[in-house]
Structures are given as structure tokens and as C-alpha cells.
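Colleague:
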Amino acid sequence: MALLLDDRAEAGTIGTIEELIRLLSEETRPAGYTEVMQRLSVAPESLSPFCIWDQRQYTRKSLHRSRAHELLLICYEPGQRTSIHDYDSQMAWIKPVLGSVCEERYKLAGNGELKLQGQRKLETGPLAYMTTKDCIHRHTNMGPGRAITLNLYVRPISRWRVYDERTGRSSLSGTSHPSHQ
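Below, the structure written as C-alpha cells:
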């Protein structure tokens, strides 16, 4: 299940990626990751050196990877979307920093088909959280401009399931280099 978390800065705003990475590296608890990600307020233009834009597909760039977590920068041109996928039972936090993305949530029905459970717009400000269960989803940039999200995963992502929208069948995908899905 995905939750939208209140966007409040309890111990001061985090304004740079370097500061974010330092604070995430000091955390060991999921609640600590939530607190750090809620405090993030980074200017989209400060992410320009890290952004990879591709007219054909959205891109993923690993900004920080440790044994405990991985921080990815996801860049979407207008109209681009992810495959329907899950995170192989990992917790995830999604923080839109430019534009917005539409999140579609799916569930596997008893007959193996994918059923759309709902959708919502993730906008800059609030932090979205996904639990380890029921995390089949797709993100789409439905806006007229570019969108950027910062995604934090407990444990680095090495594999994920991609679902066929028509049949509901899944296949395991993975990467040895986390730059693109």
C-alpha cells in the first residue's frame, strides 16, 4: 500500500543532494529515512548535473548506493511512463522535485489478471511511501513539462518484476548497473 506522508520539516530543511546523502548514510531505521526524506527541499536546477534526458524513455541514475539503501534520480519527459512493476518486496519513498507524476496502483486478481486499484497525482512537496506488499505500480508524467523524482529504496535495487498489462504475467528484470530500468 502507498501512503502520502505529511511534508513537514522537523529538524530543518535539507537543501542539497550531498547533505541528503550524508544524512541518509547516518540512518539505520526506515522511520529515519522517512524523517530525512520529508525534510528534503532541493531546487530542481541543482539536480541538472545529474539529470539524463532521453526522448525515447525515462531514465534512472543512481546518486548513492550502499548496502542499506539506494537513492535514484528518475527523469521523465512529457508523456513518458514506467512499465508496470514492483520493487521485489522493498520499501520505497518517492519525492517529486519537479513537475508531477501520476501513480497507478495495481493488484493481481485471483485469475492472474492485473486490476487497477486506483491512481493519484504525486506532486512536489509531499513524500509518497510504498510498503513491501502490494506495491505493483506505474508512474507517468502526464504534465506538459519534464518531471523529476528522487526515489529511495531500502537495499539497493538489483531486480524487479515487470508485469504485462494484458495478461498480468510477470518477468523478473534486473541490472548490474542501476542507471536505466
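Quick note: the sequence shown uses the working numbering, first residue 106, plus one each step.
A virtual CB, placed ideally from N, CA and C, is assigned to each residue, including glycine.
Everything numeric in this text was worked out from a predicted model, so none of it was measured.
Between which residues of its own chain and S276 is the CB-CB distance below 6 angstroms, once the five residues before and five after are set aside?
Modeller: V267
Colleague: Helix, strand or coil for V147, going by three-state DSSP, please let me know.
Modeller: coil
Colleague: Out of A252, M196, G248, L128, point me to the one whose CA is closest to P149's CA.
Modeller: A252
Colleague: Rounding to the nearest angstrom, what Cα-Cα distance links G250 and L128 in this structure?
Modeller: 31 angstroms
Colleague: Where does P201 sit, in a helix, a strand or coil, going by DSSP?
Modeller: strand
Colleague: Between which two residues does the alpha helix (DSSP H) harbouring I262 extend?
Modeller: Where I262 is concerned, there is no enclosing alpha helix (DSSP H), given that its DSSP letter is neither H nor E.
Colleague: Applying the criterion that 16 or more other CB atoms from any shown protein chain within 10 Å of the CB defines a buried residue, is G215 buried or exposed?
Modeller: exposed
Colleague: So what does DSSP say about R134, is it helix, strand or coil?
Modeller: coil
Colleague: I think L221 touches L213, with their Cβ atoms under 8 angstroms apart; what is that distance to the nearest whole Å?
Modeller: Not a contact, Cβ separation roughly 12 angstroms.
Colleague: Secondary structure at I157, three-state DSSP: helix, strand or coil?
Modeller: coil
Colleague: DSSP three-state label for E140, please.
Modeller: helix
Colleague: At which residues does the beta strand (DSSP E) containing C180 begin and terminate?
Modeller: 174-181
Colleague: Mind checking whether Y138 and E132 have CB atoms under 8 angstroms apart?
Modeller: A contact, by the Cβ cut-off of 8 angstroms.
Colleague: Measuring only the C-alpha atoms, how far is H174 from V259?
Modeller: Rounded to the nearest angstrom, the two C-alpha atoms are 4 angstroms apart.
Colleague: Classify Q143 as buried or exposed, calling it buried when 16 or more other Cβ atoms lie within 10 Å of its own Cβ.
Modeller: buried
Colleague: So if DSSP puts E207 in a beta bridge, which residue, or which two residues, is it bridged to?
Modeller: It should be pointed out that residue 207 corresponds to Cys in this sequence rather than to Glu. Paired residue(s): K226, T245.
Colleague: In or out: A197 buried (at least 16 other Cβ within 10 Å) or exposed?
Modeller: buried
Colleague: Among E123, V206, E209, which residue has its Cα nearest to the Cα of H169?
Modeller: E123
Colleague: Along the chain, where does the beta strand (DSSP E) that runs through Y234 open and close?
Modeller: 232-235
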